[in-house]
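Enquirer: Below: one structure in structure tokens.
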């Protein structure tokens with residue numbers, strides 16, 4: 042991210058979630074009914090692109106990516122809450138609106154760069170949205186900040202497990218920053234769960250994923266947010282294990298939602314360029 046500017050990739054992700062409900066056919070992969078309201082007039086231009094060029098593989102691929110990762114993660118978050126987990130940490134929350142969908146008894150901590158959080162607060166106020174009482178902002182630069190300290194200051198309980206989501210972020214960080222964050226997460230209470238998105242190295246992508254990455258990564262770099270880190274699943278499993286996290290599953294985009302949802306008449310198709318990994322903190 043360029044210094045003193047909010048994340049443009051967060052903006053484009055929110056716009057894609059909003060556009061999904063306008064451009065694509067039912068059944069929807071995920072319903073973020075607040076994204077367009079949060080963006081306000083800023084949404085007009087990117088949603089307009091999705092309206093006019095919605096079948097383009099890059100725009101359709103972005104909508105598929107951001108909706109399916111949220112669908113899987115929020116399903117896991119709901120299961121964690123049902124099991125009694127009362128803290129949900131969003132790392133690199135961007136313009137995510139999960140806090141407005143969370144159970145009232147779940148405490149949501151959004152961790153992100155201070156400039157992005159300042160911008161989000163301004164958008165929330167401009168949209169006339171009431172900030173959920175359970176939402177706390179924890180400003181942090183992942184490359185240089187102290188994540189455990191940020192979480193403590195945000196009120197994360199030392200003794201209770203947490204659900205942690207980390208979507209659309211790791212590819213923009215150095216591998217050293219990813220490892221440092223995982224080391225901090227591995228010190229959370231046993232039973233804490235992480236859902237993390239990561240980019241595959243070029244040799245592991247399918248044809249659709251390779252095409253998408255070629256365009257998306259280049260566009261992100263032009264906005265000052267280049268892709269920096271890539272992981273093969275086995276390598277990431279080993280890295281997680283070194284930091285006290287046991288992998289439960291790696292999830293392809295196609296498997297983030299019910300397979301029946303891919304029987305579609307619109308342009309949405311799964312690609313294998315980024316995957317999710319679900320892991321738990323061991324004792």
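In our numbering, the protein residues as written are 42 to 324. C-beta: ideal position from N, C-alpha, C; glycine also.
Where are the alpha helix (DSSP H) runs, 4 residues long or more, that stay fully inside the region 121-183, in chain order?
Expert: 155-168, all fully within the region 121-183.
Enquirer: Kindly indicate the opening and closing residues of the beta strand (DSSP E) around residue 290.
Expert: On the chain shown, residue 290 is found 249 positions in, with the first residue counted as 1. Counting along the chain, the beta strand (DSSP E) containing residue 290 begins and ends at 286-292.
Enquirer: CA-CA distance, residue 218 and residue 184?
Expert: Locating residue 218 in the chain shown gives position 177, counting from the first residue. Locating residue 184 in the chain shown gives position 143, counting from the first residue. For residue 218 and residue 184, the distance between alpha carbons rounds to 5 Å.
Enquirer: Tell me the DSSP secondary structure of residue 249 in three-state form.
Expert: Here residue 249 refers to the residue found at position 208 of the chain shown. Reduced to three states, the DSSP call for residue 249 is helix.
Enquirer: Quick one: give me the first and last residue of the beta strand (DSSP E) that residue 237 is part of.
Expert: Position 196 of the chain shown holds residue 237. First-last of the beta strand (DSSP E) with residue 237: 234-240.
Enquirer: Which class does residue 48 belong to by DSSP, given the choice of helix, strand or coil?
Expert: Taking the chain shown and counting its residues from 1, one reaches residue 48 at position 7. Reduced to three states, the DSSP call for residue 48 is coil.
Enquirer: What residue range is occupied by the uninterrupted beta strand (DSSP E) comprising residue 314?
Expert: Here residue 314 is taken as the residue at index 273 of the chain shown, counted from 1. No beta strand (DSSP E) holds residue 314; DSSP gives it neither H nor E.
Enquirer: I'd like to know whether the C-beta atoms of residue 164 and residue 81 end up nearer to each other than 8 Å.
Expert: Working through the chain shown from its first residue, we reach residue 164 at position 123. Working through the chain shown from its first residue, we reach residue 81 at position 40. Yes, these two residues count as a Cβ contact at 8 Å.
Enquirer: Take the Cβ of residue 267 as the centre, count every other Cβ of all protein chains shown within 10 Å, and call the residue buried at 16 or more, exposed below.
Expert: To locate residue 267, count along the chain shown from 1; it is residue 226. Under this definition residue 267 is an exposed residue.
Enquirer: Could you work out which residue in 152, 62, 146, 314 is closest to residue 173 when comparing CA atoms only?
Expert: In the chain shown, counting from the first residue as 1, residue 173 sits at position 132. The option with the nearest alpha carbon to residue 173 is 146.
Enquirer: Rounded to the nearest angstrom, how far is the Cβ of residue 322 from that of residue 230, given a contact under 8 Å?
Expert: Taking the chain shown and counting its residues from 1, one reaches residue 322 at position 281. Taking the chain shown and counting its residues from 1, one reaches residue 230 at position 189. Confirmed, about 7 Å.
Enquirer: Would you call residue 89 buried or exposed, if buried means 16 or more other Cβ atoms sit within 10 Å of its Cβ?
Expert: Translated into positions along the chain shown, residue 89 becomes position 48. It counts as exposed.
Enquirer: Quick check on the burial criterion: 16 or more other C-beta atoms within 10 angstroms. Buried or exposed for residue 71?
Expert: Looking up residue 71 in the chain shown gives position 30. Burial call: buried.
Enquirer: On the three-state DSSP scale, how would you describe residue 210?
Expert: In the chain shown, residue 210 corresponds to position 169, counting from 1. The answer is coil: DSSP assigns residue 210 none of H, G, I, E or B.
Enquirer: Taking DSSP's pairing of strands, which residues face residue 320 in a bridge?
Expert: In the chain shown, residue 320 corresponds to position 279, counting from 1. In DSSP, residue 320 forms a bridge with 235, 288.
Enquirer: Less than 8 Å between the beta carbons of residue 258 and residue 101, yes or no?
Expert: For the purposes of this step, residue 258 is taken as residue 217 along the chain shown, with counting starting at 1. For the purposes of this step, residue 101 is taken as residue 60 along the chain shown, with counting starting at 1. No, these two residues do not count as a Cβ contact at 8 Å.
Enquirer: Where does residue 56 fall in DSSP's three states?
Expert: For the purposes of this step, residue 56 is taken as the residue at position 15 of the chain shown. Residue state, collapsed to three classes: helix.
Enquirer: Between residue 203 and residue 126, is the Cβ-Cβ spacing less than 8 Å?
Expert: Your numbering for residue 203 matches position 162 in the chain shown. Your numbering for residue 126 matches position 85 in the chain shown. Against a cut-off of 8 Å, the Cβ pair of residue 126 and residue 203 comes out as a contact.
Enquirer: With contact counted as at least three CB pairs below 8 Å, one residue from each stretch, are the region 105-112 and the region 47-58 in contact?
Expert: Yes, they touch.
Enquirer: What residue does the alpha helix (DSSP H) around residue 194 start on, and which one ends it?
Expert: As a first step, residue 194 must be located in the chain shown, where it is residue number 153. First-last of the alpha helix (DSSP H) with residue 194: 188-194.
Enquirer: Excluding the five sequence neighbours on either side, which residues of its own chain have a C-beta within less than 8 Å of the C-beta of residue 293, listed in chain order?
Expert: In the chain shown, the residue the question calls residue 293 occupies position 252. Hits under 8 Å: 311, 313, 316.
Enquirer: Helix, strand or coil for residue 94, going by three-state DSSP, please let me know.
Expert: Here residue 94 is taken as the residue at index 53 of the chain shown, counted from 1. In the structure shown, residue 94 sits in a helix (DSSP, three-state: H, G or I).
Enquirer: Looking at residue 84: is its Cβ nearer than 8 Å to the Cβ of residue 157?
Expert: Residue mapping note: residue 84 aligns to position 43 of the chain shown, counting from 1. Residue mapping note: residue 157 aligns to position 116 of the chain shown, counting from 1. For residue 84 and residue 157, no; Cβs fall outside 8 Å.
Enquirer: Please report the distance separating the alpha-carbon of residue 242 from that of residue 159.
Expert: The sequence position of residue 242 within the chain shown is 201, counting from 1. The sequence position of residue 159 within the chain shown is 118, counting from 1. So the two alpha carbons sit approximately 33 Å from each other.
Enquirer: Starting from the Cα of residue 248, find the closest Cα among 78, 93, 289, 99 and give me that residue.
Expert: One-based indexing of the chain shown puts residue 248 at position 207. Comparing Cα positions, the closest option is 99.
Enquirer: Pick helix, strand or coil for residue 298, following the three-state DSSP scheme.
Expert: Taking the first residue of the chain shown as position 1, residue 298 is located at position 257. Three-state result, residue 298: coil.
Enquirer: Nearest to residue 198 by CA position, among 289, 149, 288, is which residue?
Expert: Taking the chain shown and counting its residues from 1, the one referred to as residue 198 is at position 157. Of 289, 149, 288, the residue nearest in Cα terms is 149.
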